[in-house]
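Worksheet: the structure to be examined is printed underneath.
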Amino acid sequence: MPAIDDIKSSWADEVELDQGELPAPSEIIENGHKIVTEYKYNNDDKKIKVVRTYKITKRAVPKVIAERKTWAKFGDSEHDKPGPNSHTTMVAEDVYMQFLSSKEEEKANDNILDQIKNIGKCRICSGEHWSAHCPFKGTVMDTSKLMESKPAVPAAVPAETSKSGKYIPPFLKDSQKGGTGMRGRDDTAAIRISNLSESITESDLEELVKKIGQHSKMYLARDKNTGLCKGFAYVHFKQRKDAAAAIEILNGHGYDHLILNVEWSKPQNN
Amino acid sequence: MKPLMLQGHERSITQIKYNRDGDLLFSASKDQKPNVWYSLNGERLGTYNGHNGAVWCVDVDWTSTKLITGSGDMTTKLWDVQHGVPLASIKTASSVRTCNFSYSGNQAAYSTDRAMGQNCEIFIIDVRTVDASLSHQDSTLRIPVLQSKVTAMQWGTLDETIITGHENGQITLWDLRTGKEINAVNDHTSQINDMQLSKDGTMFVTASKDTTAKLFDSDSLMCLKTYKTERPVNSASVSPILDHVVLGGGQDAMEVTTTSARAGKFDSLFFHLIYEEEFARLKGHFGPINSLCFHPDGRSYATGGEDGFVRVQAFDNSYFEYVFE
Numbered sequence: 001m002p003a004i005d006d007i008k009s010s011w012a013d014e015v016e017l018d019q020g021e022l023p024a025p026s027e028i029i030e031n032g033h034k035i036v037t038e039y040k041y042n043n044d045d046k047k048i049k050v051v052r053t054y055k056i057t058k059r060a061v062p063k064v065i066a067e068r069k070t071w072a073k074f075g076d077s078e079h080d081k082p083g084p085n086s087h088t089t090m091v092a093e094d095v096y097m098q099f100l101s102s103k104e105e106e107k108a109n110d111n112i113l114d115q116i117k118n119i120g121k122c123r124i125c126s127g128e129h130w131s132a133h134c135p136f137k138g139t140v141m142d143t144s145k146l147m148e149s150k151p152a153v154p155a156a157v158p159a160e161t162s163k164s165g166k167y168i169p170p171f172l173k174d175s176q177k178g179g180t181g182m183r184g185r186d187d188t189a190a191i192r193i194s195n196l197s198e199s200i201t202e203s204d205l206e207e208l209v210k211k212i213g214q215h216s217k218m219y220l221a222r223d224k225n226t227g228l229c230k231g232f233a234y235v236h237f238k239q240r241k242d243a244a245a246a247i248e249i250l251n252g253h254g255y256d257h258l259i260l261n262v263e264w265s266k267p268q269n270n
Numbered sequence: 271m272k273p274l275m276l277q278g279h280e281r282s283i284t285q286i287k288y289n290r291d292g293d294l295l296f297s298a299s300k301d302q303k304p305n306v307w308y309s310l311n312g313e314r315l316g317t318y319n320g321h322n323g324a325v326w327c328v329d330v331d332w333t334s335t336k337l338i339t340g341s342g343d344m345t346t347k348l349w350d351v352q353h354g355v356p357l358a359s360i361k362t363a364s365s366v367r368t369c370n371f372s373y374s375g376n377q378a379a380y381s382t383d384r385a386m387g388q389n390c391e392i393f394i395i396d397v398r399t400v401d402a403s404l405s406h407q408d409s410t411l412r413i414p415v416l417q418s419k420v421t422a423m424q425w426g427t428l429d430e431t432i433i434t435g436h437e438n439g440q441i442t443l444w445d446l447r448t449g450k451e452i453n454a455v456n457d458h459t460s461q462i463n464d465m466q467l468s469k470d471g472t473m474f475v476t477a478s479k480d481t482t483a484k485l486f487d488s489d490s491l492m493c494l495k496t497y498k499t500e501r502p503v504n505s506a507s508v509s510p511i512l513d514h515v516v517l518g519g520g521q522d523a524m525e526v527t528t529t530s531a532r533a534g535k536f537d538s539l540f541f542h543l544i545y546e547e548e549f550a551r552l553k554g555h556f557g558p559i560n561s562l563c564f565h566p567d568g569r570s571y572a573t574g575g576e577d578g579f580v581r582v583q584a585f586d587n588s589y590f591e592y593v594f595e
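Going down the list, the sequences are from chains A and B.
The first sequence: position 265 = 265 (our numbering), numbered continuously.
Position in the second sequence counted from 1, then plus 270, gives you our numbering.
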C-alpha cells in the first residue's frame, strides 16, 4: 500500500523540476534595439519568460551632460548594469492630459437653459402655449402678495427632518427645537406633492419647482426595492411665499398624465 | 509619452529637483537615501548613503558637482554628486527643514526647525571652503527666526537676499549683508509648503496649505497672482517656456485613507500663469503629490508623491498645441 508520502507531486510539477535551474538571462543588441530576456518564477511557481525591448537612441547633448552620462554608478546602484534597472525604473501606463475646455462648459450651460425654457412653455397651467401668454401668469405675484398680507397661516408644521433623506444627529434635532421653536423654521416653507407618477426623478421634480422659487432641499419618496417613486415628494422652499405660490400653481396641475395634489406639509403624527 | 515611474524610495518623497541642465533628477524621501536619476531614461545613477533620518530637502549647485541635503537626523550634508560621498556633515541643534545653494554656487543656506527647545535658525555657509571639519560654528551668517518656523526657502537676486516662507503663511525677505529683515508679507493664511523661482528669478510661486498658490515678485514681495484650488497645495512650479503653472497637492497624509484616487484629488493641476485659470489636469499618483518641478527645458515635468514614487512625464503634442482662450 503506497504511503501518502510517496506521492510527491503531480507529473506536471516533476517535469518542471527536471529542468532545474533557470536559463541564464540574455541580452541581444540588434537594429538599434536591445532585447533583454529573463526567466523567473511567478507567484504560482511557474516559470515565465520576460522579454523587454529597449530602443537605443543617440542624442547630441552638451559636453557636460555627455560626461555625466559616463559616470560610474554608486551607492545602492553600484552593481547595476548600464541602462535602466527594471527594479527601480518602470514604464507606467500612459495617462493623458485632461483639458478643461471652458467653451464646452458654456455650451453645456446653454443647453440647460434651453431645457428650462422649453419646460417653461407649459409649466404654469400645462396649456400648450408659451408661458408668456398664459392667462394665469399674474397669479404668482398675486398669491405671493396675498400671502404676505394674510395673517400667518397656522404654521404648526413640525420638523420634516426624519422624513427628509439627510441624517441629522439627535443632538442637532434637539438644539433646533430648543433654539428656534416651531415657527419661523425652514419647515414652514415645506410642501407635499402627491399623486406623482412612478417614473418621476429628482431632476424632473427640480425642474418642476425651479421656476417658482429657490428651494433648500427636496425629498422624493422611493420604493426601497424597486427604486421607483412612491407617488409623493416633499419640497422645502427657502421662502414661505414661494411655497404658497407653488401650492397655488401646482395643485391641480397635470404632470405626466396625472393631476398633482399639492398641500402644506403636515405635522408628523408622533 | 508613457511616464517613467522611478521606484527608488521606500517612503514618501519629500523633495525632487532637476539640475540646471536637466539631465539629472534628484529625489529626497523620508527614507534615508537621496537618489539621483538620469531624467531621460529613468536610470538610477546612484544613492547618497549616510543620513540616519528622513531627508527633508535637497539641492544641487549649478555646476552639478555639489549636492546639499538636510535631514531629520540633525545634520546637513554636502555631497560629491559624481561619487556619492559626503564632503561635509554639519551638525545642527534640530532637524534641517530647507536647504538651498545660491545662484553662484559659492554659498548655501539651510534652516533648522523650532524643536527641542531650539529656535528656528537660518544658516549661511561658504561652500568653497567646505571640508569634513566644517561644523555649525563656521557659518558665515546665523539668523535666528523668532516667529514661526521656516518651511520653504529660496535665494533672492544676486545672492544678496534670501526669501523664506513660514509655517504661519508669512513670507519674509532677508538682507544677507546685515542679517536683517527687509520686508514681510502675509498673503497666505497657512503654512508655505514650497517656493520655486521662475526661470529668470524675478518671480516665485508659493504653494500653501491654505489651498492656494500665489505668484510673488521676488524683490517687492508683491502678490501678483493667486491660483485657487480645493485642496492643500504642496508644491508649485512655473514653466520655463510657457505661461503655465503646475500645482500638486492633496490632503494631509492622515486623511488620505478616506479618499479614493478616483476623486481626482491627487492630480497635477495646470493653471495659466496670467489668467489664473485651470486648463488641464493630469493623473498619476495614488497619494498626494509632495513635490513637483518642470524640467528646465519645459518639455517634461516630474512629480514626487506620498506614495513613494517619482514620475517623470514628458508632455504630448496636445499640451504644446493647446491654446488658451
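Note that CB positions come from ideal geometry on N, CA and C, so glycine has one too.
Remember, predicted model here, so these are calculated numbers, not experimental data.
Give every residue of the same chain whose Cβ lies closer than 8 Å to the Cβ of MET218 of chain A, excluding the five residues on either side of it in the sequence, and list them in chain order.
GLU202, LEU205, GLU206, VAL209, ALA233, TYR234, VAL235, HIS236
Can you give me, in chain order, the residues of the segment 272-284 of chain B that have a beta carbon less than 8 Å from any beta carbon in chain A?
LYS272, PRO273, LEU274, MET275, LEU276, GLN277, GLY278
Pull up the DSSP beta-bridge partners for ALA189 of chain A, would you.
ALA189 of chain A is not bridged to any residue.
Residue environment, TRP264 of chain A, which counts as buried when at least 16 other CB atoms sit within 10 Å
buried
Cutoff 8 Å: SER175 of chain A Cβ touching any chain B Cβ
At SER175 of chain A the pLDDT is 49, less than 50, meaning the model places this residue with poor confidence and gives no usable figure here.
Just to make sure I have the definition right: I need the residues of chain B whose C-beta is within less than 8 Å of the C-beta of ASP345 of chain A. Which are they?
Missing from the structure shown is residue 345 of chain A; chain A here goes from 1 to 270 and no further.
Alpha-carbon to alpha-carbon, MET90 of chain A and VAL306 of chain B:
15 Å
Closer than 9 Å, Cβ to any Cβ of chain A: which residues of the segment 544-557 of chain B, in chain order?
GLU547, GLU548, PHE549, ALA550, ARG551, LEU552, LYS553, GLY554
LEU485 of chain B: first and last residue of the uninterrupted beta strand (DSSP E) it sits in
482-487
With distances taken Cα to Cα, identify the nearest neighbour of GLY213 of chain A among A:GLY231, A:LYS230, A:ARG192, A:ALA246.
A:ALA246
Do PHE585 of chain B and PHE549 of chain B have their C-beta atoms closer together than 8 Å?
no
Classify VAL51 of chain A as helix, strand or coil using the three-state DSSP reduction.
strand
Proximity to ASP72 of chain A [Cα-Cα], best of B:HIS353, B:ASP445, B:THR339
What sits at residue 72 of chain A in the sequence shown is Ala, not Asp. It is B:HIS353 whose Cα lies nearest to the Cα of ALA72 of chain A.
Does GLN352 of chain B come within less than 8 Å of chain A when only Cβ atoms are used?
yes
Taking DSSP's pairing of strands, which residues face GLN440 of chain B in a bridge?
None, per the DSSP bridge assignment.
Under the three-state DSSP convention, the category ILE413 of chain B falls into:
strand
In chain order, what residues of the same chain have a beta carbon less than 6 Å from the beta carbon of VAL325 of chain B, not counting five sequence neighbours either side?
ALA298, PRO304, THR339, SER341
Please list the terminal residues of the continuous beta strand (DSSP E) segment that includes ALA422 of chain B.
420-425
Consider the Cβ of GLU591 of chain B: report whether some Cβ of chain A lies at a distance smaller than 8 Å.
no
Between LYS336 of chain B and chain A, is any beta-carbon pair separated by less than 8 Å?
no
Would ASP331 of chain B pass as an interface residue toward chain A - the criterion being a Cβ-Cβ separation below 8 Å?
no
What's the call for SER372 of chain B, buried or exposed, on a 16-neighbour Cβ count within 10 Å?
buried
Can you pull the chain A residues whose beta carbon is under 9 Å from the beta carbon of SER588 of chain B, in chain order?
TYR96, MET97, PHE99
Unbroken beta strand (DSSP E) run spanning GLU546 of chain B, endpoints:
It is not in any beta strand (DSSP E) - GLU546 of chain B carries neither H nor E in the DSSP assignment.
Nonlocal neighbours in the same chain, by C-beta distance under 7 Å from ILE413 of chain B, ignoring five residues either side
GLU391, ILE392, TRP444, GLY449
Go to ASN504 of chain B, then tell me how far its beta strand (DSSP E) extends in each direction, as first and last residue.
503-508
Pick out whichever of B:ARG314, B:GLY320, B:LEU274 has its Cα sitting closest to the Cα of ASP80 of chain A.
B:ARG314
Could you check where the beta strand (DSSP E) with ILE394 of chain B kicks off and where it finishes?
390-396
So with Cβ pairs under 8 Å, would you call TYR571 of chain B a contact of chain A?
no
Tell me whether THR431 of chain B sits in a helix, a strand or coil according to DSSP, three-state version.
strand
Taking the Cβ atom as the reference point for each residue, do GLN258 of chain B and THR499 of chain B lie within a distance shorter than 8 Å?
What is shown of chain B runs 271 to 595, which leaves residue 258 of chain B out entirely.
By the criterion of Cβ-Cβ separation under 7 Å, what are the contact partners of SER77 of chain A in chain B?
ARG314, LEU315, GLY316, THR317
Could you tell me if THR226 of chain A is buried or exposed, where buried requires 16 or more neighbouring beta carbons within 10 angstroms of its beta carbon?
exposed
Residue of B:PHE540, B:PRO273, B:THR284, B:ARG290 minimising C-alpha distance to ASP567 of chain B:
B:ARG290
Does the beta-carbon of PRO25 of chain A have 16 or more other beta-carbons within 10 angstroms, so that it is buried, or is it exposed?
exposed
Which of helix, strand or coil does DSSP assign to LEU208 of chain A?
helix
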